[in-house]
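**Q** Its first residue numbered 937, the sequence shown is counted upward by one per residue in the numbering used here. Every residue gets a Cβ at the ideal spot worked out from N, C-alpha and C, and that includes glycine. Please see the structure below; I have some questions.
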Amino acid sequence: MKPHPKIIDRIIESIRESQTICIVGHIRPDGDCVGSQLGLAIALRNEGKSVCCWNEDRIPEKYNFLDQDGTIQKPKRGLTFDCVIAADAASFERLGSVGQFVLDRKLLINIDHHESNTRYGDLNWVSAREPSTGELIFRLLKIAKWPITKRIADCLFTAVSTDTGSFQYATTRPGTYHVAGELVRRGADLAKICNEVYQSYPISRARLLRHIYSHFRLTHDDQIAYFWLKKADFARTGAETSDTEGLIDHIRAIAPVVVACVFEEVEPKLTRISLRSKSGKVNVNEIAAQFGGGGHPAAAGARIPGSPLSVQRRVIAAVKKALNAAR
Ligand SMILES: [Mn+2]
């Protein structure tokens, strides 16, 4: 195996010295977050640790099959931990309210692959080259020699698969396929995972998608595509905010579109934006950073206060500026 950063040894050592461990993830958890948390949790339980996982928001239903033991739930009040591990969370704020509850811990370990990571932990392993946090967890388990069981393989394969857009994004590297191959060899159930994650959307999500297809907008010579998700849209379609993962891909996939953007009403004066870029010259992490957010060069987001129209105007202007600079 190629040499690995010293930080991994320090993380492994710290975990070995800890007995009670809480693994936290970001608000609006995605497949990479959930898969990384659960994969690590199962591995550490197998090592005799007392482990729980905790997220502010409910995990999308399609990932429930990974959590057969109900590992992801709010721990009992007053629980303190020897060590808290944050997976896939670019900043302390991204942990949401969970962050405040785990302030009382001996050690905070931050394992992540976001370029925008603020290194908020006591130990920070941030590798922006990796397409998913799932790959980092895989490496951690390998180096620590913690066995990767079939259930762990299911979790980590889900993490790697979802954050690479099923191995389509440019971040996917030869090593990603090797990791995926080894996970399948260790029993990851491809048919089950793909059926649960990609072929089992609720009907409410299809209704939301119908709304999006009839309401999305194109601008700037069709290079920018965007749509709004209002609270009323969720109410009318019966969709949950956790159903929105991947909706942006539908407008990103239009040929002339370079940057796709979703505006989602969180509160009347608070908008969540998601950005995707198809060009190596347009870094949406930098655009999101202008609004206090972050992420990756090709996928990023932010939460922006202000009236919806002013948020839309400012974000679209920033995207146009980036597109013009890339010409
Ligand atoms: Mn991720």
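1. Taking all protein chains shown into account, do 16 or more other C-beta atoms lie within 10 angstroms of the C-beta of Pro941, making it buried, or fewer, making it exposed?
2. Could you tell me the alpha carbon to alpha carbon distance between Asn1053 and Asp1024, rounded to whole angstroms?
3. Leaving aside the five residues before and after Val1133 along the sequence, list all residues of the same chain whose C-beta is less than 8 Å from its C-beta, in chain order.
4. State the Cα-Cα distance for the pair Leu1072 and Asp1048, rounded to the nearest angstrom.
5. In chain order, what are the residue ranges of uninterrupted beta strand (DSSP E) at least 3 long that sit wholly in the segment 1097-1164?
6. What residue does the alpha helix (DSSP H) around Val970 start on, and which one ends it?
7. Within the present structure, is the beta-carbon of His1186 separated from the nearest heavy atom of ligand 1 by less than 8 Å?
8. Kindly examine ligand 1 and report whether one of its heavy atoms sits closer than 8 Å to the Cβ of Thr1054.
9. Identify every run of the beta strand (DSSP E) within the segment 1053-1092, keeping only runs that are complete inside it and at least 3 residues long; order them along the chain.
10. Determine contact between the segment 1110-1127 and the segment 1005-1021, defined as no fewer than three beta-carbon pairs at a distance below 8 Å.
11. Closer than 8 Å by C-beta to Gly1228: which residues in its own chain qualify, once you throw out the five before and the five after it? Chain order, please.
12. How about Ser1033: is its Cβ closer than 8 Å to a heavy atom in ligand 1?
13. Tell me whether the beta-carbon of Ile1160 lies closer than 9 Å to the beta-carbon of Leu1259.
14. Please report the distance separating the alpha-carbon of Gly1148 from that of Phe1074.
15. May I ask you to report which of helix, strand or coil DSSP gives Lys1257?
16. Which whole-angstrom value describes the C-beta separation of His1050 and Gly1216, a residue pair presumed to lie in contact below a C-beta threshold of 8 Å?
17. Buried or exposed: which applies to Thr1100, given that a residue is buried once 16 or more other Cβ atoms fall within 10 Å of its Cβ?
18. Helix or strand or just coil, what does DSSP make of Leu1002?
19. Run through the DSSP bridge pairs and tell me what Phe1017 is partnered with.
20. Using a Cβ-based criterion (distance less than 8 Å to any ligand heavy atom), does Asp1018 qualify as near ligand 1?
21. Taking the continuous alpha helix (DSSP H) assigned at Thr1177, which residues delimit it?
22. Could you spell out where the alpha helix (DSSP H) holding Phe1028 opens and where it closes?
23. Can you list, in chain order, the residues of its chain with a C-beta nearer than 7 Å to that of Arg994? Leave out the 5 residues immediately preceding and following it.
24. When you compare only the Cα positions, how much space is there between Ser1246 and Val1220?
25. Express the C-alpha separation of Val1038 and Val987 in angstroms, rounding to a whole number.
26. If Trp990 and Val960 are in contact, beta carbons under 8 Å, what's the gap, nearest whole angstrom?
27. Would you kindly work out how many angstroms separate the C-alpha atoms of Val1255 and Asn1131, rounded to a whole number?
28. Shortest alpha-carbon distance to Ser1063 belongs to which of Ile944, Ile951, Gln1104 and Gln1004?
29. Which first and last residues belong to the beta strand (DSSP E) in which Val1220 is found?
30. Tell me which residues share the same chain as His962 and place their Cβ nearer than 7 Å to its Cβ, disregarding the 5 neighbours each side in the sequence.
**A** According to the data block:
1. exposed
2. Using only the alpha carbons, I get a separation of about 9 Å.
3. Gly967, Lys998, Tyr999, Thr1094, Ser1097 and Thr1098
4. 8 Å
5. Whole beta strand (DSSP E) segments, 3+ residues: 1153-1155.
6. Gly967 to Asn982
7. no
8. no
9. 1059-1062
10. Because the criterion of three Cβ pairs below 8 Å is not met, the segment 1110-1127 and the segment 1005-1021 do not touch.
11. Ala1238, Arg1239 and Ile1240
12. no
13. yes
14. In the sequence under discussion, the amino acid at residue 1148 is Ile, which differs from the Gly named in the question. Roughly 36 Å separates the two Cα atoms.
15. helix
16. Not confirmed; about 18 Å, so no contact.
17. buried
18. Looking at Leu1002 - three-state DSSP - the assignment turns out to be helix.
19. Arg1041
20. No, ligand 1 has no heavy atom inside 8 Å of this Cβ.
21. Unbroken run through Thr1177: none, as it is neither H nor E.
22. Element bounds for Phe1028: n/a, residue is neither H nor E.
23. Ser1178
24. Just so you know, the alpha carbons of Ser1246 and Val1220 end up roughly 19 Å apart.
25. Going by the C-alpha atoms only, they are around 14 Å apart.
26. 5 Å
27. Roughly 35 Å between the two C-alpha positions.
28. Ile944
29. First-last for Val1220: Val1220 to Ala1225, but that is the alpha helix (DSSP H), not the beta strand (DSSP E).
30. Excluding positions up to five away in sequence, the list reads Cys969, Asp1024, Ala1025, Arg1030 and Leu1031.
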